[in-house]
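First comes the structure, then the notes that go with it.
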Amino acid sequence: MTALAALATPAGALEPVEFTVTSGPDGLKKDLRNASALLGLQSEGKTAAEDVFSAARAEYGRLVSAAYAAGYYSPVVHVLIDGQEAAGIAPLDAPKAIGSVRVTIDPGPAFKFSETRVAPVPAGTEMPEGFAPGKPAESGLVQEAVQTGVDAWRDDGHAKAEVASQDIVADHRSNTLAARVGLQPGPRLRFGKLKIEGEERMRERRIHKIAGLPEGEVFDPDALKRSAERLRRTGVFRSVTLTEDETITSPDFIGITATVVEEKRRRYSIGAEIASLDGMSLTGYWLHRNLMGGGERLKVEGEIDNIGAQNSGVDYGLGVTIDRPATLTPDTTLSFSTKVAHLDEEDYTADIGTLGIGFSQYFSEKLTGRVGLEFTYAKVDDIIASYTYEHLALPIGATWDSRDNKMDAREGYYLDAELRPYLGFGITDSGARLKADGRAYLTFGDKRPITLAARAQVGAIFGGDLLGTPRDYLFYSGGGGTVRGQPYQSLGIDSKALYGEKIGGMAFAALSAEVRARVTDTIGIVGFADAGYIGATDFGDSYGDWHAGAGLGLRYNTGFGPIRLDVAAPVAGSTGDGVQIYVGIGQSF
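For reference, each letter of the sequence shown is one residue, going 1 to 589 in the UniProt record's numbering.
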């Protein structure tokens, strides 16, 4: 038996709900309590008589449904308001004040399936594992089995598949449930014409192109879903709904209507991060959706980094990108981009300009690919000399992202890899740059979950030598993106025998691990450790070195992403000294 004992309360005040389940396993009792409207009202602190009376009248249906869902088909439910059955109180006679509420549930015996049949279904259709004679007769399994049968027919092109008959009988003498459901698959259909409603500035022809609905082909619910996702992915629409016609168009077509609501044409965003030694970083962009009525996006973005940094000057950059969706295929986006930047690093300064064209391919919700062609010109100065780097690059990359939340992941994986072959001109060597970033997340517990997060980064440059490699391609370690507790880009190659002064390396690796614990729904604490390695020309060469840092962090959940505060210190290596503080939005990775 489970019950919430009544506590002493002032006269006339509502006492705590007395909730009793007379029998049954703990799981059933928990399900009934979770289904209770009265207990939910109590947890919210609502005690108004009209609210309590309304919840009491709804209690019967909620508890009976919860019992059916668990396989109990003869429950007896009593809901007493001040000793009177709530179901017997007419709505017009609702009490003005309520002192006590008592709920009693006798779930009765557990039922098992005596017969389970959903037919006809396509060959090879697999019903839910628990939907079988002798298994607990949970009502949800019946619904799941019926939906499985209907979905199987729809997957086979029968868009109008539906339930034709149902015979579900509970035998209270044997405590069994017989479930017999007949399906009507209807004819096999093909996609008819896609009709568009709600468009304003967006050209109808481009909506058809982006949606990519295979008109004339056999109906496929997955194809319908992909078409809706393509339209949403453009960012042009606030909402997208694709609905099937109620009637069939002769001879065997089913028409589809896309109802769209367009977003505001312009959007902007700003962001900031700050670190005690690395200074402040400011980022922002301005976005124009549907630039020419075909779903094109114009994005102007800028960044200013290392404002107030102790070991380097201020970096800044400005980029412009135009994206055109549904180019070549409905899942292919064409991009034109240009960017100018000024870098004022500890060991060099550079003015860089880049022009590029690229294609990105959307393979699935988790997998995307990209390929492009870029020309980069860079003027670099250091204490040794001035250099001009020019090269043509062919970046080829892919991203796999199964994280449940990009700003605050608790489960899933992320992997981004890019191979960038490049052809150098003048003093610039030809070669290839490889960079990969992998992340994994695992969470334990429900009430106060703990998340284990890990990240591994690796990079390498093949071909050429240090001075012949574009300077912004070389690798450094240190700072919020690699090793917290170590100053930004503090680890490079520092060998007078090799070069004369500090320079980036051609080999890079970094590892990070975090333990994230939720103290409350909005506050979390984090313990972390990072390590990084830089090699001159290869992993393990005589000029390579590594460093590490560790610390503690605080997170405050804002709803759109946690505010991050990390305090870290160096634990290995010779590049850092003292505590560093990092503040930003979103988890560190």
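The beta-carbon is built from N, C-alpha and C at its ideal position, and this holds for glycine as well.
Contact defined as beta carbons within less than 8 Å: I believe Leu39 pairs with Phe113. What is the distance between those atoms, to the nearest angstrom? At roughly 30 Å, the Cβ-Cβ gap does not stay under 8 Å, so Leu39 and Phe113 are not in contact.
Does the Cβ-Cβ distance between Leu183 and Val163 come in under 9 Å? Inclusion of Leu183 and Val163 in the CB contact set at 9 Å is warranted, their separation being smaller than that value.
So which of Pro395, Leu328, Gly216, Ser402 has the shortest CA-CA distance to Ser364? The option with the nearest alpha carbon to Ser364 is Ser402.
What residue does the beta strand (DSSP E) around Gln147 start on, and which one ends it? Residue range 139-155 is occupied by the alpha helix (DSSP H) that includes Gln147, with no beta strand (DSSP E) assigned at that position.
Option nearest Glu129 by Cα separation, candidates Pro570, Tyr68, Ala137: For the residues Pro570, Tyr68, Ala137, the minimum Cα distance to Glu129 belongs to Ala137.
Here's a check: name, in chain order, each residue in its chain whose Cβ is nearer than 8 Å to the Cβ of Pro95, leaving out the five neighbours to either side. In chain order, Ala49, Phe53, Ile81, Asp82, Ile89 place their CB closer than 8 Å to the CB of Pro95, counting only its own chain and leaving out the 5 sequence neighbours on each side.
Tell me the residue span of the alpha helix (DSSP H) that contains Glu59. In this chain, the alpha helix (DSSP H) harbouring Glu59 covers 49-69.
Length of the line joining the Cα atoms of Gly492 and Val300: So the alpha carbons of these two residues sit roughly 32 Å apart.
Check each candidate in Leu194, Gly198, Arg201 and name the one with the smallest Cα separation from Gly212. Selected option, being the one with the closest Cα: Leu194.
Cβ-Cβ distance between Gly369 and Ser335 below 9 Å: With a cutoff of 9 Å on beta-carbon distance, Gly369 and Ser335 are scored as not near each other.
Can you give me the C-alpha to C-alpha distance between Ser250 and His158, rounded to a whole angstrom? If you take the alpha carbons of Ser250 and His158, they lie about 15 Å apart.
For Ser174, which three-state DSSP category applies? Three-state DSSP puts Ser174 in coil, outside helix and strand.
Out of Gly27, Arg484, Gly124, Phe475, which has the shortest C-alpha to C-alpha gap to Ala509? Ala509 has its Cα closest to that of Phe475, out of Gly27, Arg484, Gly124, Phe475.
Would you say the region 337-350 touches the region 241-261, given that touching needs at least three Cβ pairs under 8 Å? Taking 8 Å as the limit for Cβ pairs, the verdict is that the region 241-261 does not touch the region 337-350.
Going straight from the alpha carbon of Ala87 to that of Val79, what length do you get? Between Ala87 and Val79, the C-alpha separation is close to 8 Å.
Met280 - partner residues in DSSP beta bridges: Beta-bridge annotation (DSSP): Met280 is paired with Ile274, Ile307.
Are Arg297 and Thr321 closer than 9 Å when you measure CB to CB? Less than 9 Å divides the Cβ of Arg297 from the Cβ of Thr321.
Please classify Ile207: is it buried, with 16 or more other beta-carbons within 10 angstroms of its beta-carbon, or exposed? With a threshold of 16 other beta carbon atoms within 10 Å, Ile207 meets it and is buried.
Limits of the unbroken beta strand (DSSP E) element including Ile563: Element bounds for Ile563: 562-572.
How should residue 632 be labelled, buried or exposed, when 16 other C-beta atoms within 10 angstroms of its C-beta is the threshold for buried? What the structure shows of the chain is the stretch from 1 to 589, and residue 632 is not part of that stretch, so it cannot be assessed.
Work out the CA separation of Tyr413 and Trp546 for me, nearest whole Å. So the two alpha carbons sit approximately 26 Å from each other.
By Cβ distance, which residues of its chain are closer than 6 Å to Ser165, with the 5 residues on each side in sequence left out? Excluding five sequence positions before and after Ser165, the CB atoms of its chain that fall closer than 6 Å to its own CB belong to Gly182, given in chain order.
Go through its chain and collect everything with a Cβ distance to Tyr316's Cβ below 8 Å, but skip five positions before and after it. Within the same chain, and ignoring the five residues on either side of Tyr316 in sequence, the residues whose Cβ sits closer than 8 Å to its Cβ are Gly302, Glu303, Ile304, Asp305, Ala341, His342.
Could you check how far apart the C-beta atoms of Gly279 and Gly271 are, in whole angstroms? I think they sit under 8 Å. Actually they are not in contact, since the Cβ atoms of Gly279 and Gly271 sit about 15 Å apart, beyond 8 Å.
Please give the ranges of any beta strand (DSSP E) in the region 70-125, keeping only runs that are unbroken, at least 3 residues long and fully inside the region. List check, beta strand (DSSP E) in window: 76-81, 101-106, 112-119.
Which runs of the alpha helix (DSSP H) at least 4 residues long sit entirely within the UniProt domain "POTRA" (189-265)? Give them in chain order. Runs of alpha helix (DSSP H) with 4 or more residues, each lying fully within the UniProt domain "POTRA" (189-265), are found at 204-211, 221-233, listed in chain order.
Hey, Thr354 and Thr333: beta-carbon distance below 9 Å or not? No.
Less than 9 Å separating the beta-carbons of Tyr268 and Leu291? Cβ atoms of Tyr268 and Leu291: not closer than 9 Å.
Give me whichever residues DSSP pairs with Pro421 in a beta bridge. Beta-bridge partners assigned by DSSP to Pro421: Ala432.
Can you tell me the Cα-Cα spacing of Gln457 and Val146, whole angstroms? For Gln457 and Val146, the distance between alpha carbons rounds to 47 Å.
Do you know whose CA, among Glu15, Val64, Met127, Asp171, lies nearest Ala97's CA? The option with the nearest alpha carbon to Ala97 is Glu15.
Secondary structure of Gln42, DSSP reduced to three states: Three-state DSSP puts Gln42 in a helix.
Sequence-distant residues of the same chain with beta carbon closer than 6 Å to Ser512, five excluded per side: For Ser512, where only same-chain residues beyond five positions count, the Cβ hits under 6 Å are Arg455, Asp530.
Buried versus exposed, by CB contacts within 10 Å (16 or more), Leu373: It is exposed - the Cβ of Leu373 has fewer than 16 other Cβ atoms within 10 Å.
Which whole-angstrom value is the C-beta distance of Asp202 and Val236, which I expect to be below 8 Å? The residue asked about is misnamed: residue 202 is Met in this sequence, not Asp. Indeed, because the Cβ distance is near 6 Å, the residues count as touching under 8 Å.
Cβ separation of Gly480 and Ala275, assumed to be a contact under 8 Å, to the nearest whole Å: Going by Cβ atoms, the distance from Gly480 to Ala275 rounds to 6 Å, so yes, they are a contact pair.
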